[in-house]
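Notes for the one structure printed next.
Number of protein chains: 4
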Amino acid sequence: MESIGFIGLGHMGSPMVQNLLNKGYEVFVYDISQSAADHLVALGAKAVSTIQELAKQVAVVFTMLQTGQQVSEVYTSEQGIFKALPPGHLCIDCSSIDVVTSRALHAIAQQQDIAMLDAPVSGGVAGAKAATLTFMVGGELENFERAKALLSCMGQKIIYAGPAGNGQAAKICNNMILGISMIAVSEGFILAKKLGLDPKKFYEIADNASGQCWSLTHYCPMPGVLENVPASNNFTPGFTAAMMLKDLRLSQAAALESATTTPLGAQASVLYSLFVNEGHADDDFSGIITMLTSHNEL
Amino acid sequence: MESIGFIGLGHMGSPMVQNLLNKGYEVFVYDISQSAADHLVALGAKAVSTIQELAKQVAVVFTMLQTGQQVSEVYTSEQGIFKALPPGHLCIDCSSIDVVTSRALHAIAQQQDIAMLDAPVSGGVAGAKAATLTFMVGGELENFERAKALLSCMGQKIIYAGPAGNGQAAKICNNMILGISMIAVSEGFILAKKLGLDPKKFYEIADNASGQCWSLTHYCPMPGVLENVPASNNFTPGFTAAMMLKDLRLSQAAALESATTTPLGAQASVLYSLFVNEGHADDDFSGIITMLTSHNEL
Amino acid sequence: MESIGFIGLGHMGSPMVQNLLNKGYEVFVYDISQSAADHLVALGAKAVSTIQELAKQVAVVFTMLQTGQQVSEVYTSEQGIFKALPPGHLCIDCSSIDVVTSRALHAIAQQQDIAMLDAPVSGGVAGAKAATLTFMVGGELENFERAKALLSCMGQKIIYAGPAGNGQAAKICNNMILGISMIAVSEGFILAKKLGLDPKKFYEIADNASGQCWSLTHYCPMPGVLENVPASNNFTPGFTAAMMLKDLRLSQAAALESATTTPLGAQASVLYSLFVNEGHADDDFSGIITMLTSHNEL
Amino acid sequence: MESIGFIGLGHMGSPMVQNLLNKGYEVFVYDISQSAADHLVALGAKAVSTIQELAKQVAVVFTMLQTGQQVSEVYTSEQGIFKALPPGHLCIDCSSIDVVTSRALHAIAQQQDIAMLDAPVSGGVAGAKAATLTFMVGGELENFERAKALLSCMGQKIIYAGPAGNGQAAKICNNMILGISMIAVSEGFILAKKLGLDPKKFYEIADNASGQCWSLTHYCPMPGVLENVPASNNFTPGFTAAMMLKDLRLSQAAALESATTTPLGAQASVLYSLFVNEGHADDDFSGIITMLTSHNEL
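In order, the protein sequences belong to chains E, W, L and Z. Here the first sequence is numbered in the working numbering, starting from 50 and rising by one per residue. Here the second sequence is numbered in the working numbering, starting from 50 and rising by one per residue. Here the third sequence is numbered in the working numbering, starting from 50 and rising by one per residue. Here the fourth sequence is numbered in the working numbering, starting from 50 and rising by one per residue.
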């Protein structure tokens, strides 16, 4: 069994490490927050003092960070992974970052004969805990095959999206559709209600018609229609509005970079930005429905 | 078996009448185009000279017209249905019109003890021919029960949406979600392609992820991904861009009337309007994807 | 001097009546609120009990009401003006209402040989008090000439916009541009500030460049740039967000009615709707700038 | 008189050099297109073979290039300006590029004691020829003072916008307002016309009212309202749609970079993108009005 390094032990990284430990892997952990690391060491992980100390002891390095800049620094700085990791070893970046940065990292890794995958996830904190994440993976196919079993310890669907950066591309394109359709479904329910349609009746109709979408069927934003979704639990996340905004901004950065026209992606990004501006960063992203109506009308 | 009247014998009305004839119903037909009526008379329908002549001979009147104004006139003018139809008889308006006009007709019908249903359809010309339409029905429940068997001659799903006008409300809310999600899916595929993702690969990923929606799964706008959809057949409709624009404008009229905020519904209406302005009224509505990119890039 | 009737004595109507009284006119007043009428009677206006009592005693009737439905009722109901006003007399509707309703009223007036003008105003409560309103007037030119002196008692610019309804059309088209440009200027200042430009410096630059517009030059939404504008006075109106939203919705109703594509008009309408949803109906309309940023950043 | 270097001799750069020559300056020129350089040499400019040869002979270097990447390369590559220019000399980048790249260049220049200004222009090719450009200048005030006389040879308004990058910031914020207001004015005129208002009448009204803006007053997009504007000359530029799209994309890149919400800036960017997609890159940017209506209606 290969030994694993894991850098970035936040809401997502921490339960992912626990799943690796549960499967019997030896996991070396690092985070700028010492307490995040301590928590996992208490559960059986191994402590290291620096990123490079970690890189020298493992065959596979995972990163799960917030921004492209953080990821770049962790891999390419003087104190970073690439300066310490032997050729042939494998890096898997599970962070959601921009495609340009991701592809730049792949290129540098390749120059050093380091195997690299971008493997952003969907499924949220709940999926990380339950080991039911979806991984969308970009990089060389042989590296994907090598990583598959390992990723399966933390996720349910492990999807190969093609060459370097395609995991990031797949995720932001999918989540752009998701963000738009969540707003679309919200608008549909609000309008239906204003016109006198019972929300459960409209759910039944649209779920069986051409308006069907995942946002409606599995994550309906109208409170009281589905049980066990954030909308029926005061919009407790789930997947926060701030996270959706981050992904929408990544989609808009990619659209700008590639001169692509995304009218509703742009609009969805604006709407989530207004929602976050109003203080709802930590609400579930389906809470956007509350912005479409005066607060006492829902 | 009740005798049926059918007013409005266009692309939708004509095959609907044929399905009623096939089931053995006696159908009296009327259209301002004599040739449209003649065609059905040759197939066994009964000719009448005026709307009121029709109204006097049937127990159930269907209307399938283009605009709220036409529907109003056919029912409420001096030469209209309501002046000739006996109390207790049933009117079923299958046109897609605005909720306000529809509810006004219900109110007038009720004053004359005429049973009324609004029953707009989805499924397009293909669904009309194959008798696989979906009917979204508004009005009193007992009238719905009375109409159900009859509607089943022309459609597969007969859904009760609640009181007067709710059929129209359900249709425009569903189709507003449809129009938005068709654009969302188009943006997703265009961006994915620009970022280097194979369209079939992106289909596979999004179809199994949170971006899934009917527009993607069953009607994918990216040419070459699905067979037997308009996108793979030069955007031959199907459901035309002009029809989608009509439904989106109905949604925006309802939103204005009810002071509802529909940001993406408004934007989708603008985008289909620009698409129709550019000469694409008769293209399939999934053809909106061609507007998002220079024409030679798809 | 002709005697005047004035119906609708709210924030706008009341000071308008006072200006007519100041010029020496005899003014009969009516409002559903008795106290609004009493206030003006104390200042010299004449009381009436009903709209028709008023109509019988005056040569010119002004209306200044909230909605198209109210205006229709006041003019065309059984107890309305048209049933009591002698031919040849003049009606001037100063309300801001939809073009369709306005033109329908003109048509009915014409059938009864009543002279009619639509004459919506801009300038707000301050303009009404100072008699500096702008009137945009639609109707026959001879009626406009007849009304000009009278309107000049209440306003500074009296503009003839053409045939029936054109006053309403001019106002909503102008205010649609105003609403959009207010948001545009707000976005420009917010972005400039985020990029490190001093707001006063950016004002100086844009005011002398191609970004110049009335919203910037005379009504700058960035607090602290201009004195004596709502932005520098906690967004105390001025012209409320609710009034701007009303005009934008009228523009969108006119766009729908005439199948016109107004992408930014639609978007501005959505943004003011979100702003009003958040509880800012009574803020000045330039307060929309606060929605574009987290509240503590401005 | 200082000797000048000028790199980038396109539609803008070429007439700018001619104006410097006209004032008696010695100008060394460079362009990747030899013929562009030859043309100016025939008019009295001095030829050089490389950028660094140029840099070694002049006191002030101007650059007028297309993209941030080109500008970066010209200044910072091994064969670039910074490797050859002595300390104390002055660089003025007149290109319109993103703020981040511009500020990065300033920082590098400062490390080498090179004086740097960003000085993007407005006024287009016509302004470049007539020496009536507006320069928006960012950098240290003393450098601005040093450059002022020189810039005045090519422009009419030389505006100081503050520290490094603020020239770029001012330009994109101004042009974002311009792009939005051009669309707003277009929508206003189209709607006015559809509602039956004479365009010249609407111009007169809005120009004197709160809808007034530079796009309307000086550059009215409705054909036939103003003489000597592109709208009355088949939308011959002027300022092309492609250039407006470039500036709007720069504004959106800056907005993403600084997490700023620009709803109408995003929408304007989308609309110009659709317009360029349809083949109108080289039309004047006021031609966007033609996209808002079927082509035969204007």
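By construction, the Cβ of each residue, glycine as well, lies at the ideal position given by its N, Cα and C atoms. Quick caveat, the model's predicted, so the values are computed rather than measured.
Any chain Z beta carbon closer than 8 Å to residue i
{"i": "V310 of chain E", "result": "Here residue 310 of chain E is Thr; the residue named in the question, Val, does not match the sequence. Interface residue, yes."}
{"i": "R298 of chain E", "result": "yes"}
{"i": "S343 of chain W", "result": "yes"}
{"i": "M207 of chain L", "result": "Checking the sequence, you will find Ile at residue 207 of chain L rather than Met. No, no contact with chain Z."}
{"i": "N68 of chain L", "result": "no"}
{"i": "G62 of chain L", "result": "no"}
Same chain, Cβ closer than 6 Å to residue i, five either side skipped, listed in chain order
{"i": "K95 of chain L", "result": "F77"}
{"i": "F284 of chain Z", "result": "D332, D333, G336"}
{"i": "G176 of chain L", "result": "L182"}
{"i": "A180 of chain W", "result": "N68, M203"}
{"i": "K105 of chain W", "result": "A133"}
Own chain, CB closer than 8 Å to residue i, minus 5 neighbours either side, in chain order
{"i": "L190 of chain Z", "result": "Y209"}
{"i": "Q128 of chain Z", "result": "T99, I100, Q101"}
{"i": "S121 of chain Z", "result": "T150, A153, L154"}
{"i": "M225 of chain L", "result": "D296, L297, S300, T311, G314, A317"}
{"i": "E75 of chain Z", "result": "M50, S52, I53, K95"}
{"i": "A290 of chain Z", "result": "Y321, F324, V325, H329, A330, D331, D332, D333, F334, G336, I337"}
Residue i: first and last residue of the uninterrupted beta strand (DSSP E) it sits in
{"i": "V76 of chain E", "result": "76-79"}
{"i": "Y209 of chain Z", "result": "204-211"}
{"i": "G57 of chain L", "result": "No beta strand (DSSP E) contains G57 of chain L, which DSSP labels as neither H nor E."}
Residues sharing a beta bridge with residue i, DSSP
{"i": "C140 of chain L", "result": "L:V110, L:M165"}
{"i": "K95 of chain Z", "result": "Z:F77"}
{"i": "V186 of chain W", "result": "W:Y209"}
{"i": "S171 of chain L", "result": "L:T183"}
{"i": "D333 of chain E", "result": "E:T289"}
7 Å Cβ shell around residue i - same chain, five flanking residues per side excluded
{"i": "A255 of chain L", "result": "G237, Q261, L265"}
{"i": "A219 of chain Z", "result": "M185, A210"}
Residue range of the alpha helix (DSSP H) that includes residue i
{"i": "L265 of chain W", "result": "263-266"}
{"i": "L341 of chain E", "result": "First-last for L341 of chain E: undefined, no H or E at that position."}
{"i": "T125 of chain W", "result": "117-125"}
{"i": "I254 of chain L", "result": "248-256"}
{"i": "L240 of chain Z", "result": "215-243"}
{"i": "S300 of chain Z", "result": "290-306"}
{"i": "L134 of chain W", "result": "No alpha helix (DSSP H) holds L134 of chain W; DSSP gives it neither H nor E."}
{"i": "Q160 of chain W", "result": "148-160"}
{"i": "F284 of chain L", "result": "Premise fails: F284 of chain L is in no alpha helix (DSSP H) and is neither H nor E."}
{"i": "M69 of chain Z", "result": "According to the sequence shown, residue 69 of chain Z is Leu rather than Met. 62-71 is the span of the alpha helix (DSSP H), which, as asked, contains L69 of chain Z."}
{"i": "V319 of chain W", "result": "312-324"}
Neighbour flag for residue i against chain L, beta carbons, 8 Å
{"i": "V274 of chain Z", "result": "no"}
{"i": "L227 of chain Z", "result": "yes"}
{"i": "G336 of chain Z", "result": "no"}
{"i": "D167 of chain Z", "result": "no"}
CB contact below 8 Å: residue i versus chain W
{"i": "M340 of chain Z", "result": "yes"}
{"i": "P212 of chain E", "result": "yes"}
{"i": "A233 of chain E", "result": "yes"}
{"i": "F55 of chain E", "result": "no"}
Beta-carbon neighbours of residue i, restricted to chain C and to distances below 8 Å
{"i": "P270 of chain Z", "result": "The displayed structure is made up of protein chains E, W, L and Z, and chain C is not among them."}
Identify each residue in the segment 309-331 of chain E for which the Cβ-Cβ distance to at least one residue of chain Z is less than 8 Å, and report them in chain order. T310, T311, P312, A315, Q316, S318, V319, S322, L323, N326
Which of the residues in the segment 278-305 of chain L, read from start to end, lie with their CB under 8 Å from any CB of chain W? R298, Q301, A302, L305
Anything in the segment 139-155 of chain E with a Cβ closer than 7 Å to a Cβ of chain L? List those residues in chain order, please. none
Closer than 9 Å between beta carbons: that is the criterion. Which residues of the segment 70-104 of chain Z meet it against chain L? none
Which residues, taken in chain order from the segment 169-201 of chain E, show a beta carbon closer than 8 Å to some beta carbon of chain W? S171, T183, M185
Got a sec: which bits of the segment 109-134 of chain W sit with their beta carbon under 7 Å from any beta carbon on chain E, in order along the chain? none
Using a Cβ-Cβ cut-off of less than 7 Å, list which residues of the segment 253-265 of chain W approach chain E; keep chain order. I254, A255, N257, A258, S259, G260, Q261, C262, W263
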